[in-house]
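Below is one structure, written out as structure tokens; the observations come after it.
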Amino acid sequence: MSKTVAGNFFEDFSLGQKIVHATPRTLGDGDRALYTALYGSRFAVQSSDEFAKAIGYPTSPMDDLLVFNTVFGKTVPDISLNAIANLGYAECVFTNPVYSGDTLSARSEVIGLKENSNGKTGTVYVRSKGNNQRGEEVLSFVRWVMVRKRDEKSAAPAAVVPELSKVASIKAGMPRLNIVKWDFAQSGSPHRFDDYAVGEKIDHLDGMTVEEAEHQLATRLYQNTARVHFNQFAEQGGRFVRRLIYGGHVISLARALSFNGLANAFHIAGINGGRHVAPLFAGGSVFAWSEIVDKTVHGDVGALRITTRATRDLPCTDYPIEDGTAEKPGVILELDYWALIPR
Amino acid sequence: MSKTVAGNFFEDFSLGQKIVHATPRTLGDGDRALYTALYGSRFAVQSSDEFAKAIGYPTSPMDDLLVFNTVFGKTVPDISLNAIANLGYAECVFTNPVYSGDTLSARSEVIGLKENSNGKTGTVYVRSKGNNQRGEEVLSFVRWVMVRKRDEKSAAPAAVVPELSKVASIKAGMPRLNIVKWDFAQSGSPHRFDDYAVGEKIDHLDGMTVEEAEHQLATRLYQNTARVHFNQFAEQGGRFVRRLIYGGHVISLARALSFNGLANAFHIAGINGGRHVAPLFAGGSVFAWSEIVDKTVHGDVGALRITTRATRDLPCTDYPIEDGTAEKPGVILELDYWALIPR
Amino acid sequence: MSKTVAGNFFEDFSLGQKIVHATPRTLGDGDRALYTALYGSRFAVQSSDEFAKAIGYPTSPMDDLLVFNTVFGKTVPDISLNAIANLGYAECVFTNPVYSGDTLSARSEVIGLKENSNGKTGTVYVRSKGNNQRGEEVLSFVRWVMVRKRDEKSAAPAAVVPELSKVASIKAGMPRLNIVKWDFAQSGSPHRFDDYAVGEKIDHLDGMTVEEAEHQLATRLYQNTARVHFNQFAEQGGRFVRRLIYGGHVISLARALSFNGLANAFHIAGINGGRHVAPLFAGGSVFAWSEIVDKTVHGDVGALRITTRATRDLPCTDYPIEDGTAEKPGVILELDYWALIPR
Chain A
15 MSKTVAGNFF EDFSLGQKIV HATPRTLGDG DRALYTALYG SRFAVQSSDE
65 FAKAIGYPTS PMDDLLVFNT VFGKTVPDIS LNAIANLGYA ECVFTNPVYS
115 GDTLSARSEV IGLKENSNGK TGTVYVRSKG NNQRGEEVLS FVRWVMVRKR
165 DEKSAAPAAV VPELSKVASI KAGMPRLNIV KWDFAQSGSP HRFDDYAVGE
215 KIDHLDGMTV EEAEHQLATR LYQNTARVHF NQFAEQGGRF VRRLIYGGHV
265 ISLARALSFN GLANAFHIAG INGGRHVAPL FAGGSVFAWS EIVDKTVHGD
315 VGALRITTRA TRDLPCTDYP IEDGTAEKPG VILELDYWAL IPR
Chain B
15 MSKTVAGNFF EDFSLGQKIV HATPRTLGDG DRALYTALYG SRFAVQSSDE
65 FAKAIGYPTS PMDDLLVFNT VFGKTVPDIS LNAIANLGYA ECVFTNPVYS
115 GDTLSARSEV IGLKENSNGK TGTVYVRSKG NNQRGEEVLS FVRWVMVRKR
165 DEKSAAPAAV VPELSKVASI KAGMPRLNIV KWDFAQSGSP HRFDDYAVGE
215 KIDHLDGMTV EEAEHQLATR LYQNTARVHF NQFAEQGGRF VRRLIYGGHV
265 ISLARALSFN GLANAFHIAG INGGRHVAPL FAGGSVFAWS EIVDKTVHGD
315 VGALRITTRA TRDLPCTDYP IEDGTAEKPG VILELDYWAL IPR
Chain C
15 MSKTVAGNFF EDFSLGQKIV HATPRTLGDG DRALYTALYG SRFAVQSSDE
65 FAKAIGYPTS PMDDLLVFNT VFGKTVPDIS LNAIANLGYA ECVFTNPVYS
115 GDTLSARSEV IGLKENSNGK TGTVYVRSKG NNQRGEEVLS FVRWVMVRKR
165 DEKSAAPAAV VPELSKVASI KAGMPRLNIV KWDFAQSGSP HRFDDYAVGE
215 KIDHLDGMTV EEAEHQLATR LYQNTARVHF NQFAEQGGRF VRRLIYGGHV
265 ISLARALSFN GLANAFHIAG INGGRHVAPL FAGGSVFAWS EIVDKTVHGD
315 VGALRITTRA TRDLPCTDYP IEDGTAEKPG VILELDYWAL IPR
């Protein structure tokens, strides 16, 4: 039995298979600071213990996407080390807040398998869950990845494609807050739930150029071991000739950029769906724009359903959407999520 | 009303105007570690809880310039997003130490306005203050910036230029210390107050090359949103063709380099004045030298008034001063400050 | 007396000389997070407070090599600022674990001196020790460096070359653990002491490309002031034309890569010897492989004696060893150490 992990191939997955992922990870003040340094995020709840306490959190919670990226990272060695592509996300719910000192671990279940018609690859669907040290679930999400077969001649399993909700059910993940204490001067914007209209489009204006050192630091912080992000020696002979930037880095950048326009959208309650439409490489500048696609009320807070698109080397003045030209400047990410905002 | 912040123009400021800045920020152990990693600072008080406690601090305080950069960063979206230049600093006093877990917020008052003769820009003078979660002031400083007018035809306000002290009054910011417990072996130098003479010049010897990833990480850590530091896509068509490095990054580098020669100058009590004489870009190597320009005694400690000059791609063997040639290697920063040192 | 430190030359060292190094340093959660971001280490004991507590640690200890690099960094201004080469390490023992909040300081004793036959340089042998705030030793190691003479004409001291053990005595540094609580699913591998055979070779598969910003951040985090790592302006006229990457950065990278194959080798108890065989520069991709060279039992745990070799731009499929061609892709590090692993 080999001592090293070379990753699972399509044949290694079976429907209903349950996987416990290594390595448990205690998140702390250092992770919070690094997350700020990597993305420049300014949402007040995640930035200030005092602001968070005023509205009912015991202390400032970790950024939702730091939690997402940490749990995602744990699943990589078992799920996607041999993945050709991360095809999509669905049914992602942030079930409980994570605080400094909490230890996260992750497990997954295979919920779908479908070999591709070329006989060389297949799609694996997994539901992954992150838990804290008390066994409480903090995050649950489905993702599906295209994985190579070890042997093209091996028989295809019965195709099972899970039915996935188009909209994440976010009720389980709603924090109980004393939202009347929200300080709109400190939070950076006067705009609340009622100020946003379905169909409204917001160009987040700012752009951020990504360096190799930055995405590598981030991806290692998440203990994500996918090789395409780190090994220029190998990648220079590969499809892109360069290291590919981890998609979660793009999601975190887009969310941080969205502060300018969505400053009070303080918590990602759930992600309905997400797609990495085109790759990002170091030297590319990321812009973002958002569209409000739905609104619902949850007690004291409102939830905005938002589609945020990130672009590469393309300002978002004209609200660009995917046009299928991955080689040109254009959209690289579409993320459909629920964000909570004071009413 | 636009959801996004595009920054204030000269016409948007009025004399006496008070501004509450977003976003409050809790500083912690992670910020301390990142600050060390970004600048390699080695001052013992800020590096060691034990050293700090021995001389009377409750624990190791945050580096003064981490506090400065954090408060400064908060003022950017309101004050200098459309600034053409940071013209100067004055009357900067560090009023109370900041510790891990403290939450900083910032506010400013407009204390001067003067339109430039070209009718296109004006100078805005603001006094900014940082406070901790108990409402105690931790930092106060004046800065003035050249800001674009929105409309060249708009009328000029009455010109008001504040009278600013040439020397910061640092008494309010003096910590009470048991300085006899200072350990000169651990601090890295035997040199104390009496060993420094007015007029003495010190070449700090070492040079530090700055990478894009480093200044971007730093500037985001401070939640400073000034676009010129982050967006290569926009800057490649701009005046410098490159991203401009945040001036506070240069100040922090110069201070860290000054350890070699000023190892016991443990606390910046105040900044009398500062000017960013020329820009710095990634790939540039920063050197520094200092001149002792005054000395005063404050109880157990002495205060050295120091002018530290940072240079770009120019060793400081010959103690270079500004010669007005921003395109060549040369001085990029002049910083005139009070540093405390054991007597 | 000059205020600045230009480093000691060969003549400045005397046999039996004792040196107290500056600057004491409190390690915290931020250092832990940065270490993870810099190397992507995934060993469960250092990653998770819960995992560490389950087997008997009071909380997750700091990575052994973060401790090593921190103590090493302190010795640089006194020992190796004028070093031409770090020649080797021996008798390195990790005597006590280090936890978040501990403050480390360092001191050294000169245990050997030998002028080289060219009369221009000499080798200095020092034993360095790191202590925590309670005065307990956390680390002890010998290293020897080639240092320039200030004056080629100065007389050579009597040559004293210490006798150094080929194998570090690790008993003093053994933690008492409740190793039956080890969770092999969470740790990332089922392989324990008995699964490894003397003579076994493991290619760790993965490669990691190093950026300038990364090694500079790391080396500053360790407060290591060796100029060759930071100053491109000076180095462009030097032997390598580029900044040289700190050897401890390579050791930490190799150890992190070795997780894939040695996931349960949770603690470096001691380093028997180490050599930096060839330099590493930014842009280089680091690979690693390990050979099991000995095994011993220490109560509940086993100790594997491992030689890990790191390479530059050379995958380790064929288990390369040094071939003396520093200019080509090849081995850059040989590290001979004891790692503890559950039986």
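Protein chains in written order, with my numbering: chain A, 15 to 357; chain B, 15 to 357; chain C, 15 to 357.
Every residue gets a Cβ at the ideal spot worked out from N, C-alpha and C, and that includes glycine.
Note that the structure is predicted; figures quoted are calculated from it, not measured.
Spatial neighbours of residue i in its chain, beta-carbon cut-off 6 Å, leaving aside the 5 residues before and after
i, result
"Met-366/B", "Residue 366/B lies beyond the range of chain B shown here (15 to 357); nothing can be said about it."
"Lys-88/C", "His-35, Ala-120"
"Asn-442/B", "Within the shown structure, residues of chain B are numbered from 15 to 357, placing residue 442/B beyond reach of any answer."
"Asn-192/B", "Ile-69, Gly-70"
"Val-435/C", "With chain C covering only 15 through 357, there is no way to say anything about residue 435/C."
"Arg-157/A", "Tyr-103"
"Glu-336/B", "Val-291, Val-345"
"Gly-202/A", "Ala-277"
Span of the alpha helix (DSSP H), counted from its first residue to its last, around residue i
i, result
"Ala-51/B", "43-53"
"Ala-317/B", "Where Ala-317/B is concerned, there is no enclosing alpha helix (DSSP H), although the beta strand (DSSP E) it sits in stretches over 315-326."
"Asp-308/A", "Per DSSP, Asp-308/A belongs to no alpha helix (DSSP H); it is in the beta strand (DSSP E), 299-312."
"Lys-67/C", "63-68"
"Asp-78/C", "78-93"
"Ser-154/B", "Where Ser-154/B is concerned, there is no enclosing alpha helix (DSSP H), although the beta strand (DSSP E) it sits in stretches over 151-162."
"Gly-144/A", "First-last for Gly-144/A: 135-145, but that is the beta strand (DSSP E), not the alpha helix (DSSP H)."
"Val-264/B", "261-271"
Cβ-based neighbour list, residue i, same chain, cut-off 8 Å, excluding 5 preceding and 5 following
i, result
"Lys-134/C", "Arg-162, Lys-163, Glu-166"
Length of the line joining the Cα atoms of residue i and residue j
i, j, result
"Thr-233/B", "Ser-55/A", "11 Å"
"Asp-209/A", "Lys-17/B", "9 Å"
"Leu-13/C", "Ser-62/C", "Outside the displayed span of chain C (15 to 357) sits residue 13/C, for which this structure offers no information."
"Leu-328/C", "Val-300/C", "8 Å"
"Asp-197/B", "Ser-94/B", "42 Å"
"Gly-316/A", "Phe-207/A", "6 Å"
"Gly-213/C", "Gln-250/B", "56 Å"
"Pro-176/B", "Val-138/B", "10 Å"
"Leu-118/C", "Gly-252/C", "34 Å"
"Lys-215/B", "Phe-247/C", "23 Å"
"Ser-142/A", "Tyr-351/C", "37 Å"
"Val-311/C", "Lys-185/C", "11 Å"
"Ala-283/B", "Val-81/B", "12 Å"
"Gly-288/A", "Thr-321/A", "9 Å"
"Ile-226/B", "Phe-295/A", "Looking at the sequence itself, residue 226/B is Glu, so the reference to Ile does not match. Using only the alpha carbons, I get a separation of about 15 Å."
Enclosing beta strand (DSSP E) for residue i [first to last residue]
i, result
"His-229/B", "Careful: His-229/B lies outside any beta strand (DSSP E), inside the alpha helix (DSSP H) at 226-235."
"Ile-285/A", "281-290"
"Arg-39/A", "32-40"
"Ile-193/C", "Where Ile-193/C is concerned, there is no enclosing beta strand (DSSP E), given that its DSSP letter is neither H nor E."
"Phe-254/B", "Note, Phe-254/B: premise wrong, no beta strand (DSSP E); not H, not E."
"Glu-105/C", "97-108"
"Ser-122/B", "117-129"
Beta-carbon separation (whole angstroms), residue i vs residue j, contact threshold 8 Å
i, j, result
"Ile-355/C", "Ala-279/C", "5 Å"
"Ser-304/B", "His-218/B", "7 Å"
"Pro-38/B", "Glu-64/A", "6 Å"
"His-281/C", "Val-59/C", "7 Å"
Residues of its chain near residue i, where Cβ-Cβ distance is below 7 Å and the 5 sequence neighbours each way are ignored
i, result
"Asp-308/B", "Val-212, Arg-319"
"Leu-67/C", "The displayed chain sequence assigns Lys, not Leu, to residue 67/C. The residues are Thr-73."
"Tyr-53/C", "Ser-266, Leu-267, Ala-270"
Minimum Cβ-Cβ distance from residue i to chain F less than 9 Å
i, result
"Asp-165/A", "No chain F is present in this structure, whose protein chains are A, B and C."
Using a Cβ-Cβ cut-off of less than 7 Å, list which residues of the region 287-308 of chain A approach chain C; keep chain order. none
Identify each residue in the region 60-84 of chain A for which the Cβ-Cβ distance to at least one residue of chain B is less than 7 Å, and report them in chain order. Ser-61, Ser-62, Asp-63, Glu-64, Phe-65, Ser-74
Using a Cβ-Cβ cut-off of less than 7 Å, list which residues of the region 332-347 of chain A approach chain B; keep chain order. none
Positions along the region 34-54 of chain A whose CB lies within less than 7 Å of some CB in chain C: Val-34, Ala-36, Thr-37, Pro-38, Arg-39, Thr-40, Gly-42, Asp-43, Gly-44, Asp-45, Ala-47, Leu-48
Residues of the region 105-125 of chain A with a CB closer than 7 Å to any CB of chain C: list them in chain order, please. Thr-117, Ser-119
In chain order, what residues of the region 16-34 of chain A put their CB closer than 7 Å to some CB of chain C? Lys-17, Thr-18, Val-19, Ala-20, Val-34
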